[in-house]
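Here the structure is laid out as structure tokens; the discussion comes afterwards.
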Amino acid sequence: MNRTFALAARLIIGWKAWDPRVPVKLDDDGNLVIDEETEPRLLPKPPVSAELAGLLPQEVLMAIMEEVSKANPRKRSAGQEDGTSKTS
């Protein structure tokens, strides 16, 4: 299981996310056609599993991970800071 999805699932406390596995139909003008087969369905509400988090659009996952990065920035080692890191 993807650890990114598991992390995102633990951070989500509320959402209104549509199930991307339901096919979408559009008419000739590009309007959404809703019938019994294609009626949009929401994904289950939290708690969110890693599998459900994996169904989120990439933009949503990227936004979550950006917030994680802001809250927990990577610390550079002393060698990285002054540009003198050792290599083998």
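Going by the numbering used here, the sequence shown opens with residue 1, and the numbers climb by one from there.
The beta-carbon is built from N, C-alpha and C at its ideal position, and this holds for glycine as well.
Note that the structure is a prediction, hence the values are computed from the model and not measured.
#1: Less than 8 angstroms between the CB atoms is what I'm expecting for Gly14 and Pro44, so what's the real figure, rounded?
#2: Tell me the residue span of the alpha helix (DSSP H) that contains Arg3.
#3: Out of Ala17, Ser69, Asp27, Arg76, state which residue places its alpha-carbon closest to the alpha-carbon of Leu7.
#4: Suppose you measure from the CA of Ser49 to the CA of Arg21; what does that come to, to the nearest Å?
#5: Which of helix, strand or coil does DSSP assign to Val68?
#6: Let me confirm a value: Ala53 is counted as buried when at least 16 other C-beta atoms fall within 10 Å, else exposed. Which label applies?
#7: Please say whether Leu42 and Lys16 have beta carbons closer to each other than 8 angstroms?
#8: CA-CA distance, Pro73 and Asn2?
A quick look at the data gives this:
#1: Actually they are not in contact, since the Cβ atoms of Gly14 and Pro44 sit about 12 angstroms apart, beyond 8 angstroms.
#2: 3-11
#3: Of Ala17, Ser69, Asp27, Arg76, the smallest CA-CA separation from Leu7 is found for Ser69.
#4: 16 angstroms
#5: In this structure, DSSP gives Val68 a helical state, which the three-state scheme calls helix.
#6: buried
#7: yes
#8: 21 angstroms
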